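To start, the structure itself, in structure tokens.
Numbering (full-length UniProt numbering), first residue to last: 1 to 153.
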């Protein structure tokens with residue numbers, strides 16, 4: 001069995017044309033990989049219920065242009081010109097801008113989570129020390145004796 005999982009784009013393409021000869025490796029992998037079969041079923045239901053979610057493939061030149069934009073190696077003037085000329089470029093830029101802040105979010109969430117975890121551990125440790133505190137036997141015995149005398153009177 002091939003242990004390398006197919007890319008999501010390959011699974012999407014497989015759903016559109018499962019009998020293509022190029023997908024023989026995907027078919028073989030799916031036969032032995034339950035995880036990929038589950039992913040394929042999820043993609044299939046998404047395509048069935050939300051047909052507008054179909055993805056369009058991009059050529060290598062456009063993919064490189066997008067990578068250059070993300071890396072910041074495209075000048076602002078060239079990027080602005082591309083956005084003005086192509087509505088899809090505007091859509092891609094807006095999509096990237098909306099997600100760029102969220103891409104940094106997990107690190108902040110992880111830090112906040114570790115702070116919460118350390119506070120919780122500190123609290124649990126303090127409570128454990130409090131309940132582990134035991135007074136001397138003579139103190140407990142004398143308090144008990146005093147209570148018995150008060151109650152007897």
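Positions of the beta carbon are idealized from the N, C-alpha and C atoms, including for glycine. Owing to the predicted nature of the structure, the values given are computational and were not obtained by experimental measurement.
Looking at 5, 93 and 94, the one whose alpha-carbon comes closest to that of residue 23 is 5. The C-beta distance from residue 15 to residue 43 rounds to 6 Å, short enough to fall under 8 Å.
Straight through space, the alpha carbons of residue 38 and residue 18 are spaced by roughly 16 Å. For residue 71, the closest alpha carbon among the candidates 96, 47 and 88 is that of 96. C-alpha of residue 146 to C-alpha of residue 152: approximately 10 Å in a straight line. Secondary structure of residue 13 (DSSP, three-state): helix. In this structure, DSSP gives residue 20 a state outside helix and strand, which the three-state scheme calls coil.
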